[in-house]
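Its first residue numbered 4, the sequence shown is counted upward by one per residue in my numbering.
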Amino acid sequence: MRSHLLNDATAESYRRSVTEGVERVAGKLAATRGPFTGVTPAELAPAIDAVDLDRPLGDASAALDELEDVYLRDAVYFHHPRYLGHLNCPVVIPAVLGEAVLSAVNSSLDTWDQSAGGTLIERKLVDWTNGRVGFGPAADGVFTSGGSQSNLQALLLAREEAKSTDLSKLRIFSSECSHFSVQKSAKLLGLGMDAVVSIPVDRNKRMQSVVLAAELEACRAEGLVPMAVVATAGTTDFGSIDPLHEIAALADEYGAWMHVDAAYGCGLLASPTRRHLLDGIEKADSVTVDFHKSFFQPVSSSAFLVRDGATLRHATYHADYLNPALPHVLDSARTGGTPMLAERLPNQVDKSLQTTRRFDALKLWMTLRVMGADGVGSLFDEVCDLAAEGFALLAADPRYDVVVEPQLSTLVYRYIPAAAASPEEIDRANLHARKALFASGEAVVAGTKVDGRQYLKFTLLNPETTAADIAAVLDLIAGHAEQYLGETLVHA
4 MRSHLLNDAT
14 AESYRRSVTE
24 GVERVAGKLA
34 ATRGPFTGVT
44 PAELAPAIDA
54 VDLDRPLGDA
64 SAALDELEDV
74 YLRDAVYFHH
84 PRYLGHLNCP
94 VVIPAVLGEA
104 VLSAVNSSLD
114 TWDQSAGGTL
124 IERKLVDWTN
134 GRVGFGPAAD
144 GVFTSGGSQS
154 NLQALLLARE
164 EAKSTDLSKL
174 RIFSSECSHF
184 SVQKSAKLLG
194 LGMDAVVSIP
204 VDRNKRMQSV
214 VLAAELEACR
224 AEGLVPMAVV
234 ATAGTTDFGS
244 IDPLHEIAAL
254 ADEYGAWMHV
264 DAAYGCGLLA
274 SPTRRHLLDG
284 IEKADSVTVD
294 FHKSFFQPVS
304 SSAFLVRDGA
314 TLRHATYHAD
324 YLNPALPHVL
334 DSARTGGTPM
344 LAERLPNQVD
354 KSLQTTRRFD
364 ALKLWMTLRV
374 MGADGVGSLF
384 DEVCDLAAEG
394 FALLAADPRY
404 DVVVEPQLST
414 LVYRYIPAAA
424 ASPEEIDRAN
434 LHARKALFAS
444 GEAVVAGTKV
454 DGRQYLKFTL
464 LNPETTAADI
474 AAVLDLIAGH
484 AEQYLGETLV
494 HA
């Protein structure tokens with residue numbers, strides 16, 4: 004079985020296997036006619052259940068043949084222009100090249116002696132991103148698995164910086180449209196989900212800073228501790244950006260850690276035309292960025308950034324076998340009579356919640372070295388421009404109610420029938436339309452709720468999607484909804 008290990012003796016086998024895999028995937032991408040086949044779990048499960056993992060095929064070609072049946076044929080393809088569902092993006096080719104390299108070399112980014120140049124590349128990209136944010140020379144950060152992990156680390160640091168021995172008194176403030184990971188992190192950190200104070204949003208789905216000010220004052224008056232304020236730069240449902248300057252001023256006044264969840268909106272950091280939408284982010288104590296959203300990177304590629312790198316010490320743990328704590332000064336007897344500073348190796352595990360960690364930074368590195376920041380930012384500008392076109396279509400279409408004009412690339416809307424129908428019937432019609440569209444495989448859209456009512460959502464992250472695609476999908480949705488309502492009325 005040693006013949007399956009990747010080493011100098013198996014280089015030719017590696018080349019043949021990977022080339023065949025690349026050719027099959029390339030052929031699949033070129034031949035895909037829709038984002039999904041519409042297969043159901045019940046239809047697909049038997050093929051996977053039938054695989055006997057204790058009887059290997061022994062051949063990469065045979066395994067790829069099998070993979071066609073259990074995965075490739077029925078995968079959801081984000082590169083298709085009518086995938087309009089969640090915050091998933093098609094990926095740029097330089098990043099895919101980086102993925103191939105990092106998987107083969109298999110560096111682990113926890114310690115210098117497992118990664119060497121990889122450590123320095125990650126640090127360089129963290130510095131580059133901090134520069135784009137507007138942080139100063141004391142800033143630092145680390146790559147993470149995604150926005151949820153970054154938000155957890157932000158609130159961990161905020162908890163420790165609050166220096167309160169009574170966790171029950173700590174409070175976190177975030178908008179009602181913030182990501183669920185804020186509540187989840189509070190629970191994981193021993194604060195409880197009740198520690199999160201939800202701040203209402205305005206008509207544009209942005210946190211109301213006036214209400215935030217009142218809640219912070221009430222927190223102080225009750226003898227509680229305002230631990231953190233989480234501002235969102237690109238909410239999951241609406242792409243809305245909270246008023247960062249106003250929130251920063253309030254966080255500073257009340258001594259709260261300010262975290263900006265820019266998992267979605269981080270693409271603005273590279274935008275040639277829209278960077279100003281993030282003005283104020285430089286005042287944050289920490290920032291979440293997800294390159295695997297608006298930088299068009301493969302999952303996972305994310306980072307957690309801090310304005311003051313010293314705060315990352317709250318995530319540090321020294322293990323003797325991995326990253327032992329070193330004395331500041333080596334004993335003079337060991338250094339020929341002259342005291343010397345101990346060598347401080349750049350171990351990224353000192354900053355991370357993870358230990359073993361992939362070299363995900365290489366994907367972004369390859370992207371920037373091939374395309375440049377403007378190239379990536381222009382792609383994000385394209386999908387934001389497309390969202391503006393989509394909003395105009397929805398606003399002019401009497402079949403639809405659209406919630407808010409987008410700041411980024413998300414549209415939330417609801418089919419409204421011409422004939423009278425109850426809100427509950429309209430809810431069911433929209434839910435049915437989404438499911439029927441998914442089952443058809445013609446397009447994929449997402450769903451959410453607004454004020455308790457069922458809405459649909461376009462998340463536009465594919466520059467190949469056009470206004471014509473949006474119009475066609477709106478017609479399909481209306482057709483499914485009308486058919487459902489028609490059948491419902493007949494049987495009523």
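Yeah, the Cβ is synthetic: ideal placement off N, Cα and C, and Gly gets one too. The structure displayed is predicted, hence computed values, not measured ones.
The alpha-carbon of Glu69 is positioned some 40 Å away from that of Asp384. When rounded, the separation of the alpha-carbon atoms in Leu194 and Lys166 is 14 Å. For the set Asp288, Gln117, Lys452, Asp57, the Cα lying nearest the Cα of Val406 is the one of Lys452. Taking a cut-off of 8 Å for Cβ pairs, the region 166-175 and the region 226-241 touch, as three or more such pairs fall below it. In the three-state reduction of the DSSP assignment, Gln300 falls in the coil class. By the neighbour-count criterion, in which a residue is buried when 16 or more other Cβ atoms sit within 10 angstroms of its Cβ, Gly30 is exposed. For Thr132, the uninterrupted alpha helix (DSSP H) run begins and ends at 120-136, by DSSP.
Minimum Cα-Cα distance from Pro38 among the listed residues Pro349, Thr462, Ala446, Asp430 corresponds to Ala446. Ranked by Cα distance from Ala142, the first of Ala313, Leu253, Glu15 is Ala313. Taking each of Glu23, Gly242, Pro426, Trp115 in turn and checking the Cα distance to Ala63, the smallest one comes out for Glu23. By the Cβ criterion, the region 201-212 is not in contact with the region 154-162, since fewer than three pairs of Cβ atoms, one from each stretch, lie closer than 8 Å.
When DSSP states are grouped into helix, strand and coil, Ala287 belongs to the coil group. Burial check for Tyr86: the Cβ neighbour count within 10 Å reaches 16 or more, so the residue is buried. Counting only residues of its own chain and dropping the five nearest sequence neighbours on each side, Pro301 has a CB closer than 8 Å to the CB of Val94, Ala98, Val99, Glu102, His295, Lys366. Relative to Asp323, the option among Asp353, Ala306, Asp57 whose CA is nearest is Asp353. When Cys92, Pro84, Gly41, Val104 are compared, the shortest CA-CA separation from Ala78 is found for Gly41.
When C-alpha distances from Gln117 are compared across Met196, Gly375, Gly88, Asn350, the shortest belongs to Asn350.
DSSP places Ala265 in the strand class (E or B) of the three-state scheme. Nearest to Glu46 by alpha-carbon distance, out of Tyr458, Glu467, Ala442, is Ala442. The bridge partners DSSP lists for Thr358 come to none. For Arg174, the uninterrupted beta strand (DSSP E) segment begins and ends at 173-178. Rounded to the nearest whole angstrom, the C-alpha separation of Ala471 and Val73 is 33 Å.
Linking Leu105 to Asp11 through their CA atoms gives a straight-line distance of about 17 Å.
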